[in-house]
Structures are given as structure tokens and as C-alpha cells.
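Let me begin by presenting the structure, written as C-alpha cells, before commenting on it.
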Amino acid sequence: MRRPVSPGLWLDGALCAVLALLSTAALFYGVLSDTPAVTGMAAFGLSGAAWVASVLLDGARRQRARAVREALDRVWR
393 MRRPVSPGLW LDGALCAVLA LLSTAALFYG VLSDTPAVTG MAAFGLSGAA WVASVLLDGA
453 RRQRARAVRE ALDRVWR
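Residue numbers (this note's numbering): 393 to 469.
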């Protein structure tokens, strides 16, 4: 049986998408205005957003976390 994704993961995904969009906009601005500092910060933000997305979208990690949560629920009941 497939369980719905928790609200915390939805929020994390939305914040990751916002970070990626803002970093992309900053990257374009930095390249067009020839500002290396802004371009570097934007590239760092994009790499961070990509890392967070890879963690959020890992199905095996979600299954392990769900199994641990269910085991803890059984112990504490």
C-alpha cells in the first residue's frame, strides 16, 4: 500500500524549487552583467539545489526512513 508523502517533504521540495529558480535567475543576471561574484554565488546555489533534489527524490532513502519511523512507532506504542 502506497502512503502519501508527508507535508514536510512537500515543503522541502517547494523550497528546493524556489532555490533553484532564484539561483538560475541570479546566474543569468551575473552572466549578463559580467559580475563574477553573483555568478559564483548563483552556481553555488544551483549546486546546493541539485544536491537537495537528489536527496529528496531518492526513493530508497524514503523507504528506509519510513521503515525506521514505523519501527519506532511500534516500539513506543
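Note that the Cβ used here is the ideal one computed from N, Cα and C, for glycine as well.
All of these numbers come straight from a predicted model, not from anything done at the bench.
With 16 other Cβ atoms within 10 Å as the buried cut-off, status of residue i
{"i": "S415", "result": "buried"}
8 Å Cβ cutoff met for residue i and residue j
{"i": "A463", "j": "L438", "result": "no"}
{"i": "A445", "j": "V430", "result": "no"}
{"i": "L448", "j": "L401", "result": "yes"}
{"i": "G422", "j": "A409", "result": "no"}
Between the CA atoms of residue j and residue i - distance to the nearest angstrom
{"i": "L407", "j": "R456", "result": "23 Å"}
{"i": "D426", "j": "A441", "result": "23 Å"}
{"i": "V460", "j": "G432", "result": "39 Å"}
{"i": "R466", "j": "F436", "result": "41 Å"}
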